[in-house]
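Below is one structure, written out as structure tokens, with a few remarks after it.
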Ligand code: SAH
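Residue numbers (the numbering used here): 524 to 898.
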């Protein structure tokens, strides 16, 4: 039977205050609990020694700090770590820690699989089986911090770029980012907590009302004709509407929200200099950085990574046009932890996973026949 006790990892500070008000109306009690759980990583109420015995007993009766279960861990030769964690209903999602010159970036998942089915992303091929809870999202950060504590480090940056579309799990993701940015919890600055979206336009307007979190847009194409094919959501929210929402989000000069355009480069698809030119023109009045991601392959994807030369040419063009343009180096490829390679274990509710697996098998069959023909 599921545990009926409240998972305190589900509650941002205001929720915690409301929860404990039932027995104790002093907010500093809540603050003490949060510091124990997030700063000292003490999840056992009995170890929270500055709380009264009666209060600890009440907490234990009604609540707990419940973490998702880690079922596997993979270590890449480049220091990247991938965890497979079990979330509701026995499904699993993946979390990736990318250490890089003193920074520890954690890529967290927000849904089991994804509904959007972008053609070049393997998560989409797994189909979909629901949203993660706030506790399951922040639990990923907590678990990474626990590992990093061994070397006296913490997660310095969080990107919601793992499995799922964060803005289709709006409330849970918002509460999770509040905890990431709250000094009583993870205390990461708003510039270092990034929600990445394929472009759920109404949700971007909602976000602008309630938070300052950094935003990344998976753009990938400078025209609707091309983007329709790569990101099916574009047919609902085309580029013009998306960029209007982006301009609204970054607001006037007074507001210092950060915006990044992500552009996965695929050979012969969107990596030509003409695409770079169109992109530069398109973004002329949007205050943003550009992040280029050379395509990461997965079985039967139908796409290829461009040659390093054409990646460089693309980047150089944008930089010469005055865009801060980063090239995301591929990390954790040997453990299938790179962007777009996260699959978890999704008990698919759609028929997409079955169709994809059939395609992979057909592809493998083809390779086998050609090899057989050769011998
Ligand atoms: N749904 C969200 C977050 C998950 S994807 C979004 O779309 O933004 C995180 C980033 O990885 C996105 O920019 C996505 O487009 C990119 N990505 C997906 N598949 C990829 C692949 N095979 N190679 C490189 N980048 C990929």
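Beta carbons are placed, not taken as given, at the ideal position from N, Cα and C, and that holds for glycine.
Just so we're clear, the structure is a prediction, and the values are computed from it rather than from any experiment.
Going by DSSP in three states, residue 543 sits in which element: helix, strand or coil? DSSP places residue 543 in helix when its eight states are reduced to three.
Helix or strand or just coil, what does DSSP make of residue 910? Residue 910 cannot be examined here, being either before or after the span of the chain that is shown, 524 to 898.
By the three-class DSSP mapping on this structure, what secondary structure does residue 553 have? Judged by DSSP in its simplified three-state form, residue 553 adopts helix.
For residue 606, report the span of its beta strand (DSSP E) as first-last. Note, residue 606: beta strand (DSSP E), 604 to 609.
Does any CB atom of chain D fall closer than 8 Å to the CB of residue 643? Absent from the structure: chain D. Only one protein chain is present.
For residue 765 and residue 745, what's the separation of their Cα atoms in angstroms? In this structure, the straight-line span from the alpha carbon of residue 765 to that of residue 745 is close to 12 Å.
So residue 788 packs on residue 817, CB below 8 Å; how close in whole Å? Between residue 788 and residue 817, the beta carbon gap of about 5 Å places them in contact (Cβ cut-off 8 Å).
Among 871, 859, 877, which one has its Cα closest to the Cα of residue 600? Distances from the alpha-carbon of residue 600 to those of 871, 859, 877 put 859 closest.
When you compare each of 757, 729, 650, 570 to residue 875 by their alpha carbons, which one comes out closest? Answer by Cα proximity: 650.
So within the region 759 to 786, which uninterrupted alpha helix (DSSP H) runs reach at least 4 residues, ignoring any that extend past its ends? Within the region 759 to 786, the alpha helix (DSSP H) runs of at least 4 residues that lie entirely inside it are, in chain order, 762 to 773.
In whole angstroms, give me the CA-to-CA distance for residue 830 and residue 790. In this model, residue 830 and residue 790 are separated by some 8 Å (Cα to Cα).
Sort 820, 643, 843, 657 by Cα distance to residue 634 and report the nearest one. Taking each of 820, 643, 843, 657 in turn and checking the Cα distance to residue 634, the smallest one comes out for 657.
In whole angstroms, what separates the C-alpha of residue 855 from that of residue 772? Cα to Cα, the separation comes out at about 32 Å.
Within the region 826 to 896, note down every full alpha helix (DSSP H) run reaching 4 residues or more, in order along the chain. The qualifying runs are 831 to 843.
Say yes only if the C-beta of residue 721 is nearer than 7 Å to one or more non-hydrogen atoms of the ligand SAH, and no if none qualify. Correct: residue 721 has its Cβ closer than 7 Å to the ligand SAH.
Starting from the Cα of residue 879, find the closest Cα among 605, 544, 647, 561 and give me that residue. Nearest of 605, 544, 647, 561 to residue 879, Cα basis: 647.
The alpha helix (DSSP H) that contains residue 632, what's its start and end? Where residue 632 is concerned, there is no enclosing alpha helix (DSSP H), because DSSP gives it neither an H nor an E.
What do you reckon, is the C-beta of residue 743 under 7 Å from a heavy atom of the ligand SAH? Yes - the ligand SAH has a heavy atom lying nearer than 7 Å to the Cβ of residue 743.
Residue nearest to residue 538 in terms of C-alpha spacing, selected from 636, 868, 701, 709: Nearest C-alpha to residue 538: 701.
Alpha carbon to alpha carbon, what distance is there between residue 887 and residue 703? Distance between the alpha carbons of residue 703 and residue 887: 43 Å.
Start and end residues, beta strand (DSSP E) containing residue 653: First-last of the beta strand (DSSP E) with residue 653: 651 to 654.
From residue 884 to residue 822, what distance separates their C-alpha atoms? Each residue's alpha carbon lies about 10 Å from the other.
Helix, strand or coil for residue 676? Go by DSSP, reduced to three states. The answer is coil: DSSP assigns residue 676 none of H, G, I, E or B.
Evaluate residue 549 with the Cβ neighbour count: other Cβ atoms within 10 Å of its Cβ, from every protein chain shown; 16 or more gives buried, anything less gives exposed. Label assigned to residue 549: exposed.
Count the other CB atoms within 10 Å of the CB of residue 686; is the residue buried (16 or more) or exposed (fewer)? Of the residues assessed, residue 686 falls on the buried side of the cut-off, its CB having 16 or more other CB atoms within 10 angstroms.
Report the partner residues of residue 596 according to the DSSP bridge assignment. Its beta-bridge partners are 606.
Distance CB(residue 720)-CB(residue 741) smaller than 8 Å: Closer than 8 Å, so yes.
Taking the alpha-carbon positions, what's the residue 833 to residue 842 distance? One alpha carbon belongs to residue 833, the other to residue 842, and they sit about 14 Å apart.
Those residues which DSSP pairs with residue 626 across a bridge: The partner list for residue 626 (beta bridge, DSSP) reads 623.
Check whether residue 558 and residue 707 have beta carbons under 8 Å apart: The Cβ-Cβ distance between residue 558 and residue 707 falls below 8 Å.
Any heavy atom of the ligand SAH inside 7 Å of the beta-carbon of residue 787? The answer is yes for residue 787.
To the nearest whole angstrom, what separates the beta carbons of residue 586 and residue 627, a pair I think is in contact under 8 Å? Distance from residue 586 to residue 627 at the Cβ level is roughly 29 Å; contact not present, criterion being Cβ atoms closer than 8 Å.
DSSP beta-bridge partners for residue 812? DSSP, once it has assigned bridges, lists 783 as partnering residue 812.
Residue 533 versus residue 796 - alpha carbon distance: Near 46 Å, if we compare the C-alpha coordinates of residue 796 and residue 533.
For residue 646, report the span of its alpha helix (DSSP H) as first-last. Run containing residue 646: 645 to 648, per the alpha helix (DSSP H) assignment.
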